[in-house]
Amino acid sequence: MADAKRDHSWLKAAPSHVLQQTLKDLDRACRDHGTFKVRWRSKARWAPSFRFPAGNLITVERLGRKWGRVKLPKLGWVTFRWSRPLGGEIRSATVSRKGGQWFVSFLVNDQATTPEQHATVDTVAGIDRGVKAAAVTSDGEFFDRPFITAGEAVRYRRLQQQLARTKTGSANRVRVRARMNKIMGRVTSRRADFCAVTAAYLTAKNALVVLEDLKTRNMTAAASGTLAEPGSRVAQKQGLNRAILDKGWHRLELALTSAARYTGTRVVKVNPAYTSQRCSACGLVTETNRESQAVFRCKATGCGHTAHADVNAAINIKHAAGHAVSACGDLGNSRSVKQEPVSRATGRTPA
Numbered sequence: 001m002a003d004a005k006r007d008h009s010w011l012k013a014a015p016s017h018v019l020q021q022t023l024k025d026l027d028r029a030c031r032d033h034g035t036f037k038v039r040w041r042s043k044a045r046w047a048p049s050f051r052f053p054a055g056n057l058i059t060v061e062r063l064g065r066k067w068g069r070v071k072l073p074k075l076g077w078v079t080f081r082w083s084r085p086l087g088g089e090i091r092s093a094t095v096s097r098k099g100g101q102w103f104v105s106f107l108v109n110d111q112a113t114t115p116e117q118h119a120t121v122d123t124v125a126g127i128d129r130g131v132k133a134a135a136v137t138s139d140g141e142f143f144d145r146p147f148i149t150a151g152e153a154v155r156y157r158r159l160q161q162q163l164a165r166t167k168t169g170s171a172n173r174v175r176v177r178a179r180m181n182k183i184m185g186r187v188t189s190r191r192a193d194f195c196a197v198t199a200a201y202l203t204a205k206n207a208l209v210v211l212e213d214l215k216t217r218n219m220t221a222a223a224s225g226t227l228a229e230p231g232s233r234v235a236q237k238q239g240l241n242r243a244i245l246d247k248g249w250h251r252l253e254l255a256l257t258s259a260a261r262y263t264g265t266r267v268v269k270v271n272p273a274y275t276s277q278r279c280s281a282c283g284l285v286t287e288t289n290r291e292s293q294a295v296f297r298c299k300a301t302g303c304g305h306t307a308h309a310d311v312n313a314a315i316n317i318k319h320a321a322g323h324a325v326s327a328c329g330d331l332g333n334s335r336s337v338k339q340e341p342v343s344r345a346t347g348r349t350p351a
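Numbering (full-length UniProt numbering), first residue to last: 1 to 351.
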């Protein structure tokens with residue numbers, strides 16, 4: 001680090017432990033993902049941030065009900081909007097920029113420990129994540145909210161059109177992108193708040209939360225094809241990708257894992273195969289069971305179970321806790337109707 005500062009005088013303006021922490025983060029990324037897979041972040045897509053790891057050098061004072069100030073090494077006193085109590089000893093501080101504004105977040109030691117067991121030991125909830133409703137539980141509860149208003153959607157679309165007409169590297173392009181980031185920053189904040197509130201509610205209510213083991217990155221990959229034969233249904237795939245990313249499936253999973261540390265809830269992921277096609281009453285698996293996005297009606301003789309399709313899927317996810325969901329049916333164009341073993345005593349598939 002000393003040699004780098006001699007070669008590049010501008011590095012002297014930054015605190016040494018901030019630069020050292022950046023090198024530690026780089027080293028960890030190389031060890032976790034491999035040196036040749038680590039890439040520099042795009043200047044256009046990266047939100048600047050840096051971390052002060054020495055909590056003993058950070059001083060925080062409250063100036064009033066809404067405002068406080070923090071003393072950071074080499075930066076001095078910085079005033080910030082006080083949004084919540086610190087609740088513990090400061091371990092580090094991270095300064096980041098988002099949507100044209102600067103934020104400071106503190107890592108604190110709140111002395112909290114994970115309970116050995118949940119307050120209600122026998123409570124279980126299966127969670128089905130969808131594109132119409134962000135999350136549906138096996139108890140029939142629906143969790144959803146719009147993250148972008150109609151006016152923001154119109155303005156964002158116009159800004160996208162303006163961005164397409166700007167010249168790369170121009171000052172006008174920077175201004176348009178900043179306005180886009182401001183709108184999308186509010187959308188991201190609403191989504192994060194929704195996931196945090198939903199996760200806190202679900203973990204406080206249930207000792208076991210069951211999710212489908214969804215590979216969101218793979219599911220939102222772009223539709224591909226060859227030059228001679230482009231990818232089929234590209235527009236539909238793009239719309240599905242946007243819907244999945246808008247609902248924040250992965251963010252909800254992370255929020256549940258984080259909230260579970262305070263309640264003792266176990267978060268389990270199961271095989272998602274055929275959870276939307278299986279009847280939660282008799283276990284029949286066929287793609288014709290799901291008549292539409294919202295309607296599930298079992299085609300088995302003598303069953304005829306009818307339910308909201310997402311609730312039925314959430315019940316199947318709940319039943320699959322503790323073991324993988326069996327892969328019924330084949331993956332051909334004409335899938336055969338197959339049924340899992342049914343218990344003679346209960347008439348249900350074993351959970």
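We put the beta carbon where it would ideally sit given N, CA and C, even for glycine. These figures come from a predicted structure and were not determined experimentally.
Count the other CB atoms, across all protein chains shown, that sit within 10 Å of the CB of residue i; report buried if there are 16 or more and exposed otherwise.
i: Arg-242; result: exposed
i: Gly-225; result: At Gly-225, the pLDDT of 49 sits below 50, so the modelled position is not reliable; the number obtained from the coordinates is stated separately. Exposed, since its Cβ has fewer than 16 Cβ neighbours within 10 Å.
i: Arg-65; result: exposed
i: Cys-30; result: exposed
i: Glu-212; result: buried
i: Phe-194; result: buried
i: Pro-146; result: exposed
i: Val-209; result: buried
i: Ala-112; result: exposed
i: Lys-74; result: exposed
i: Tyr-274; result: buried
i: Leu-253; result: Correcting the residue type first, residue 253 is Glu in the shown sequence and not Leu. Its Cβ being crowded by 16 or more others within 10 Å, Glu-253 is buried.
i: Ser-138; result: buried
i: Lys-280; result: According to the sequence provided, residue 280 is Ser. The question's Lys does not apply to it. By the neighbour-count rule (16 or more Cβ atoms within 10 Å), Ser-280 is buried.
i: Gln-277; result: buried
i: Pro-115; result: exposed
i: Arg-191; result: buried
Could you pull the start and end residues of the alpha helix (DSSP H) that residue i belongs to?
i: Asp-27; result: 16-33
i: Lys-237; result: 234-247
i: Lys-5; result: 2-7
How far does the beta strand (DSSP E) with residue i in it reach, from first residue to last?
i: Ala-135; result: 135-137
i: Val-311; result: Val-311 -> not in any beta strand (DSSP E); alpha helix (DSSP H) instead, spanning 309-319.
i: Arg-62; result: 59-62
Since residue i sits in a beta bridge, which residues does DSSP pair it with?
i: Ser-96; result: Ser-49 and Phe-103
i: Arg-186; result: Answer is none; Arg-186 lacks a bridge partner.
i: Asn-109; result: Glu-89
i: Lys-37; result: Answer is none; Lys-37 lacks a bridge partner.
i: Trp-77; result: Lys-71
The region 232-241 contacting the region 77-84, beta-carbon criterion three pairs below 8 Å: Verdict: no, contact absent.
Contact the region 48-60 vs the region 15-23: 3+ CB pairs below 8 Å: Touching, yes, given that three or more Cβ pairs across the two stretches are closer than 8 Å.
Length-filtered (3 minimum) beta strand (DSSP E) runs lying within the UniProt domain "Probable transposase IS891/IS1136/IS1341" (114-220): Correct list: 124-128, 135-137 and 208-212.
Length-filtered (4 minimum) alpha helix (DSSP H) runs lying within the UniProt domain "Cas12f1-like TNB" (249-317): Listed in chain order, the complete alpha helix (DSSP H) runs (minimum 4 residues) inside the UniProt domain "Cas12f1-like TNB" (249-317) are 249-263.
Segment contact, 8 Å Cβ cut-off, at least three pairs: the region 112-124 with the region 89-99: No: fewer than three Cβ pairs fall under 8 Å.
Sufficient close CB pairs (3 or more, under 8 Å) joining the region 126-143 to the region 242-255: Between the region 126-143 and the region 242-255 there are three or more inter-stretch CB-CB distances shorter than 8 Å, so the stretches are counted as touching.
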